[in-house]
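With our numbering, letter number 216 in the sequence shown gets 217, and the count goes up by one each step, no holes. Where a beta carbon is used, it is the ideal one built from N, C-alpha and C, also for glycine. Note that the structure is predicted; figures quoted are calculated from it, not measured.
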Amino acid sequence: MAAAVRLSARARPLSHPNPGVAAILVKDGRVVARGWTQKGGRPHAEAAALDGIPASVAEDAVLYVTLEPCAHQSDRGPACTDLVIAARPARVVIGQIDPDPRTAGKGSARIAKAGIAVTVMDDTAARESLCGYFARAETGRPHVTLKLAVSLDGCIALADGSSQWITGETARAHVHAMRAHHDAICVGGVTWRSDKPRLDVRLPGLEQRSPNRVLLSRGVPPDGVRVINRPEQIADLDDTLNLYVEGGAGAAASFLAADLVDQIHLYRAPIIIGDGRRSLGDIGLTDLSSAHGRWKPTEHRQLGSDEFTAYLRCRV
Numbered sequence: 002m003a004a005a006v007r008l009s010a011r012a013r014p015l016s017h018p019n020p021g022v023a024a025i026l027v028k029d030g031r032v033v034a035r036g037w038t039q040k041g042g043r044p045h046a047e048a049a050a051l052d053g054i055p056a057s058v059a060e061d062a063v064l065y066v067t068l069e070p071c072a073h074q075s076d077r078g079p080a081c082t083d084l085v086i087a088a089r090p091a092r093v094v095i096g097q098i099d100p101d102p103r104t105a106g107k108g109s110a111r112i113a114k115a116g117i118a119v120t121v122m123d124d125t126a127a128r129e130s131l132c133g134y135f136a137r138a139e140t141g142r143p144h145v146t147l148k149l150a151v152s153l154d155g156c157i158a159l160a161d162g163s164s165q166w167i168t169g170e171t172a173r174a175h176v177h178a179m180r181a182h183h184d185a186i187c188v189g190g191v192t193w194r195s196d197k198p199r200l201d202v203r204l205p206g207l208e209q210r211s212p213n214r215v216l217l218s219r220g221v222p223p224d225g226v227r228v229i230n231r232p233e234q235i236a237d238l239d240d241t242l243n244l245y246v247e248g249g250a251g252a253a254a255s256f257l258a259a260d261l262v263d264q265i266h267l268y269r270a271p272i273i274i275g276d277g278r279r280s281l282g283d284i285g286l287t288d289l290s291s292a293h294g295r296w297k298p299t300e301h302r303q304l305g306s307d308e309f310t311a312y313l314r315c316r317v
């Protein structure tokens, strides 16, 4: 399942409007087929994995899939549950049950009824790989990652607004990789006007994964840019499962104040700025005790001279 989760990264975000799912077929201890949701959402991961292999290969094998095979028919393709049943693997291991009511438990039940063993793992990593899909299903909005690049003393720029560059080349490349995994990227109006950011992906071979651009502002939308007036309007971004918020301080504070940030990506550079611009504005905090227990570190790594830490919002 861990290998399938890693493979699913190839699907995101090109698989939109469908979630980025991956499937791996294992027989006699060897991977004999694999697939992930293709661009535009079809074919699904199971269909991609099973396509073109002889029937004898899938028989008695174990199919690992990060999300429950779909159980509903579509004009765009067959139900993956039917494809799996026809392939006759000995066992299907599912990372997460699909929250879509058209499938939710029905796919796994039909596969089991066909005499194929089914194991549902409720795998944390599988859910994390599908975080945008689950966020949209459960909250009606995209999953939000807030990116902050700061100095050791918490600044994002000099007092005059100069901010290129706080972090080094390796950290900036990591940011571009993160952009490539998101459907849309959002900045505030001040950042848009002062920095004129391109908000694209500039890693060789990944340029086509540049996200849609969203501006948090009350101004007139620039060409090719969607404007929202307040953070809550991200629910209206129907083409977005995963939103990457990059700044500046006002936009970051607005999303935090609205409690719409699910994850923080913090890049910390070994520099001290002093009298510079702070990374955040007012987030409405009035009681220090309520600030504790909200964020859990989930990843830490060194990126050249900079440090990267990911924090997950703890929700009851």
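Contact check for Leu68 and Leu131: beta-carbon distance about 6 Å, within the 8 Å limit, so the pair qualifies. Residue burial is scored here from C-beta neighbours: Glu47 has at least 16 other C-beta atoms within 10 angstroms and is therefore classed as buried. The continuous beta strand (DSSP E) containing His144 extends over residues His144 to Val151. For Asp196, the enclosing alpha helix (DSSP H) covers residues Gly190 to Asp196.
When Ala24, Arg13 and Leu15 are compared, the shortest CA-CA separation from Ala50 is found for Ala24. Residue state for Ile112 is assigned as helix, using DSSP reduced to three classes.
Taking the CA atoms as reference points, Gly249 sits about 29 Å from Gly21. The beta strand (DSSP E) runs lying completely inside the region 20 to 93 and spanning 3 residues or more are 23 to 28, 31 to 37 and 63 to 68, given in chain order. The beta-carbon separation of Pro198 and Val191, rounded to 11 Å, does not stay under the 8 Å limit for a contact.
For Gln234, the three-state secondary structure derived from DSSP is helix. In the pairwise beta carbon analysis, the region 281 to 298 is classified as not touching the region 170 to 177: fewer than three pairs are separated by under 8 Å. Nearest C-alpha to Leu204 among Gly225, Arg194, Arg180 and Leu216: Arg180. Between the region 153 to 164 and the region 102 to 116, the count of C-beta pairs closer than 8 Å stays below three; the two stretches do not touch. One Cα belongs to Ala5, the other to Asp288, and the distance between them is close to 43 Å. Residue range Ala118 to Val121 is occupied by the beta strand (DSSP E) that includes Val121. In terms of Cβ geometry, Val27 and Tyr65 form a close pair [threshold 9 Å]. Nearest in C-alpha terms to His183, of all of Val246, Asp61 and Leu286, is Val246.
In the structure shown, Arg11 falls within a coil segment according to DSSP collapsed to helix, strand and coil. Ala136 and Asp263 do touch by the CB rule: their CB atoms are close to 7 Å apart, below 8 Å. Within its own chain, the residues whose Cβ lies closer than 8 Å to the Cβ of His177, once the five positions on either side in sequence are excluded, are Val202, Arg203, Leu204 and Leu207, listed in chain order.
Secondary structure at Gln264: strand, using DSSP grouped into helix, strand and coil. Shown here, Val6 sits in a helix according to DSSP, grouped into three states. Counting along the chain, the unbroken beta strand (DSSP E) around Val215 starts and ends at Asn213 to Leu217. Exposure of Asp61 is indicated by the presence of fewer than 16 other C-beta atoms within 10 angstroms of its C-beta. For His17 and Phe256, the gap between their C-alpha atoms comes out near 24 Å.
Separation of Arg111 and Arg219 (C-alpha to C-alpha, rounded to the nearest whole angstrom) is 50 Å. Using a 10 angstroms sphere on the CB of Ile95, the tally of other CB atoms reaches 16 or more, which defines it as buried. Spanning the alpha carbons of Ala270 and Ala253 requires a straight line of approximately 19 Å. Residues of the same chain with a CB within less than 7 Å of the CB of Glu129, apart from the 5 flanking positions on each side, do not exist. Here DSSP, grouped into helix, strand and coil, assigns Arg316 to coil. Sixteen is the threshold: since fewer than 16 other Cβ atoms of the shown chains lie within 10 Å of the Cβ of Ala3, the residue is exposed. Setting aside the 5 residues that flank it on each side, Thr120 is surrounded in the same chain by Arg92, Val93, Val94 and Ile95, each with a C-beta closer than 8 Å to its C-beta; the list follows chain order. Contact check for Ala72 against Ala80 passes: the beta carbons are separated by less than 9 Å. Shortest Cα-Cα distance from Asp237 to any of His45, Gly30, Arg43 and Gly141 involves Gly141.
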